[in-house]
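Let me begin by presenting the structure, written as C-alpha cells, before commenting on it.
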Ligand SMILES: N[C@@H](CCC(=O)N[C@@H](CS)C(=O)NCC(=O)O)C(=O)O
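Numbering (our numbering), first residue to last: 808 to 1030.
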C-alpha cells in the first residue's frame, strides 16, 4: 500500500490517514506532496489524488481518499478490532463521535489550524472555539468514563483506535493554542501526543522545511 500525504506540520487530515495506516500494522510506504508547491498549485502533484486532496491510500490499483474512508477500508482489511470497540454501545458512540469530528468543529479548525512547528501562548480563543472545546470535553469524558477507564488504558474506548486517530489532530490544536481543558482531558491529550505513532509523525514534521504561508503565525513561537 501507498499513502499520499501533505506536509506533516499542517495536514491534519493526512495525519489521520497515516495514523490509520500505522495502526493497521500492514506494510505501506508514505509519499509526501509538498502543499502549495508549484506542482501542487498547477495540479501536477495531484494527478493520483482523485479529490485533489490528501490523504489518499492506494492499494492494488484502487484509490481510497478521505481520512474516514481510509480508516473504514483499513478496518475491513486489517480487522475491526484494531479500530473499533466491539461492544455495541461503545461502537455506537465511537461511530457517532468520529462522524461528528469529521463534519464538525469548523470554528476550531479555522481559528486554530494544525501547526506542529509553532505554538501560540497568547492565543485568545473566540467564543465559538471555546464552545468547540467544551463539546470535545463532553465527548471525550463520556467515552473515557463509560468505556475507557474500566480497561485501565488511557484511550477513549480502551484500545487505541479509530476515535483516538480521528481526534489526534485536535489534541495537537489544543496543545498548540494553549486552550484550557479539564484535568481528565489534559491527561488524555498527553497520552495521545506521547503515542509512538504520534511521536514518529511529529519528529518528521519538525524536520520539514518547506515554504508555506497559507496560515498566519503572528504570536507563534518556534518549538
Ligand atoms: N475530508 C477530507 C479532507 C481532506 C483535505 O481537505 N485535505 C487538505 C489538506 S489537509 C487538502 O488536500 N486540501 C487541498 C488543497 O490544499 O489544495 C479527508 O478527511 O481526508
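Quick reminder that beta carbons are idealized off the backbone N, C-alpha and C, glycines included.
Could you pull the start and end residues of the alpha helix (DSSP H) that residue 866 belongs to?
It is not in any alpha helix (DSSP H) - residue 866 instead sits in the beta strand (DSSP E) that spans 863-866.
Consult DSSP for residue 900 and reduce its assignment to one of helix, strand or coil.
helix
Give me, in chain order, the residues of the same chain whose beta-carbon lies closer than 8 Å to that of residue 880; leave out the 5 immediate sequence neighbours on both sides.
864, 866 and 871
Going by C-alpha to C-alpha distance, which of 920, 994 and 827 sits closest to residue 984?
920
Given 8 Å as the limit, is there contact between the segment 896-905 and the segment 962-982, that is, 3 or more CB pairs closer than that?
yes
Would you call the CB atoms of residue 1028 and residue 988 closer than 8 Å?
Result no, Cβ atoms of residue 1028 and residue 988 do not sit closer than 8 Å.
Between which residues of its own chain and residue 836 is the CB-CB distance below 7 Å, once the five residues before and five after are set aside?
809
Tell me, please, whether the segment 923-930 touches the segment 884-896 by the rule of three or more beta-carbon pairs shorter than 8 Å.
no
Per DSSP, residue 811 is paired with what?
838 and 863
Report the CB separation of residue 787 from residue 838 in whole angstroms; it is logged as a contact under 8 Å.
Lying outside 808 to 1030, the shown extent of the chain, residue 787 is not represented and no answer is given.
Give me the residue from 937, 942 and 869 with the minimum Cα distance to residue 857.
A check of alpha carbon separations from residue 857 across 937, 942 and 869 identifies 869 as the nearest.
Report buried or exposed for residue 829, applying the criterion of at least 16 other Cβ atoms within 10 angstroms of its Cβ.
Per the 10 Å Cβ criterion, buried.
Does any heavy atom of ligand 1 sit closer than 7 Å to the C-beta of residue 820?
yes
Just the Cα atoms here: how many angstroms apart are residue 1016 and residue 848?
18 Å
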